[in-house]
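Protein chains in written order, with our numbering: chain A, 394 to 496; chain B, 8 to 334. Here the structure comes first, spelled out in structure tokens, and everything after it is commentary.
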């Protein structure tokens, strides 16, 4: 929620990206929380333990993928922000829009 | 006890998230993001997600912070203070939060083994993995074999991000027209600080060793290609930080780095094509060896290697693209 606020409200582009990463992390947490089984343990099968209860491995796989994709997005976003700064001289949303509308 | 610790961590998470949003100095915000990622990793760990915790710690708290700092060196360090509180945004966000909270009332109790999410495919995975693949880490089994196609897509996404960053920022010596000689040479960064240099030099071989361990033990414990790639990239970034950017670019020339980026993804794809050539479906590892179980294990090792190579080189290339830009 805090991430959502940051993405929408903060005019600084870098802050938007940080808000995006908070947002992502919160969603990951939601998935992993759904996936825990009470009394279970990490889904690594111990040899010899027959009656062991395991936590669900499937959401973990999805979140693993999502984390890596998330950091790729952030890296690309940062590259775009750097280029915007070099082109406009600022990374504040409103100043960039003003510069655009004055052209 | 665990619940108490979990609540404590969650409170800290919320506090650091608010701190990130409110901090005016972007450097403070980035540092708080590192702390946020670390707390997130601890949270994952107490929720029994060992692989995810390792990935979040390696990628989120480690490499991501470095990339944010690299970008921070190229943009203004402070954010303009916004005078008014944006009431419309606050109300939209609060409304969304209330709706989400209401939706969670329908959720099964936390940790309930009878919940629908645990019913269909998951028990099948847990039971069949010792029979079909025979590796202890079920998460790696699912990632590498049952959902191997998705992981191929993920490697391609990482590769695309690397290509995108190289298009935008350029890498001296490979793209963008800048020569390697233009990059600042020598120990310009930490030249006056002896302790980081000595300790860093000693640590780098151990970090690389740990990365290799995580790569090849991904089947037996938490680990696998992504974590290993991130840790390997972290070791080389540490080298770049203490020895200087030019030395790091001489150590692994940018052209080699670019080729390595593609090699990892190519390795992954070729395993799939190989299985097709041997008569089975794409990425059906059973045919890689006379014993289907061994074939599965071979397949997983090879694709994890491809993933590790790709992730390590992409993260390193992105770091160099940022670090070599501002000189």
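Virtual Cβ for every residue (Gly too), placed ideally from N, Cα, C.
- Near chain A, meaning a CB-to-CB distance below 7 Å, the residues of the region 164-176 of chain B are 164, 165, 168, 171, 172, 175 and 176.
- One Cα belongs to residue 457 (chain A), the other to residue 272 (chain B), and the distance between them is close to 18 Å.
- Residue contact with chain B for residue 465 (chain A): present (Cβ-Cβ distance below 8 Å to some residue of chain B).
- Residue 450 (chain A) sits away from residue 59 (chain B), with the two beta carbons spaced by 8 Å or more.
- By the neighbour-count criterion, in which 16 or more other beta carbons inside 10 Å mark a residue as buried, residue 475 (chain A) falls on the buried side.
- With a threshold of 8 Å between beta carbons, residue 471 (chain A) makes contact with chain B.
- Contacts with chain A at 8 Å (Cβ-Cβ) do not include residue 243 (chain B).
- Taking 8 Å as the upper bound on Cβ-Cβ separation, chain A lies near residues 50, 51, 54, 55, 56, 57, 58, 59, 62, 63, 66, 67, 70 and 71 of the region 50-72 of chain B.
- The Cβ atoms of residue 30 (chain B) and residue 39 (chain B) lie closer than 8 Å to each other.
- Here the C-alpha atom of residue 16 (chain B) lies approximately 10 Å from the C-alpha atom of residue 10 (chain B).
- Nearest C-alpha to residue 269 (chain B) among B:71, B:315, B:136 and B:239: B:315.
- Ranked by Cα distance from residue 299 (chain B), the first of B:68, B:56, B:152 and B:108 is B:152.
- Here residue 285 (chain B) carries a coil assignment [DSSP, helix/strand/coil].
- Of all residues in the region 213-237 of chain B, those with a C-beta nearer than 7 Å to a C-beta of chain A are 228 and 233, reading in chain order.
- Chain-order list of chain A residues neighbouring residue 325 (chain B): 468, by C-beta distance under 7 Å.
- Per the C-alpha coordinates, the member of B:24, B:97, B:173 and B:139 positioned closest to residue 261 (chain B) is B:173.
- Contact between residue 319 (chain B) and residue 239 (chain B) holds, with the beta-carbon distance rounding to 4 Å and staying under 8 Å.
- Spanning the alpha carbons of residue 422 (chain A) and residue 256 (chain B) requires a straight line of approximately 37 Å.
- Rounded to whole angstroms, the gap between the alpha carbons of residue 473 (chain A) and residue 131 (chain B) is 44 Å.
- Within the model, the alpha-carbon separation for residue 461 (chain A) versus residue 101 (chain B) is close to 29 Å.
- In this structure residue 136 (chain B) is buried. Its beta-carbon is surrounded by 16 or more other beta-carbon atoms within 10 angstroms.
- Interface annotation, residue 316 (chain B): not in contact with chain A, CB-CB separation never under 8 Å.
- In this chain, the alpha helix (DSSP H) harbouring residue 327 (chain B) covers 299-330.
- Using a Cβ-Cβ cut-off of 8 Å, residue 158 (chain B) is close to 458 of chain A, given in chain order.
- Using a Cβ-Cβ cut-off of 8 Å, residue 161 (chain B) is close to 458, 461 and 462 of chain A, given in chain order.
- Taking the Cβ atoms as the reference, residue 469 (chain A) lies roughly 5 Å from residue 168 (chain B), within the contact range of under 8 Å.
- Residue 18 (chain B) does not reach chain A, its nearest Cβ partner there being about 13 Å away, counting only Cβ pairs nearer than 8 Å.
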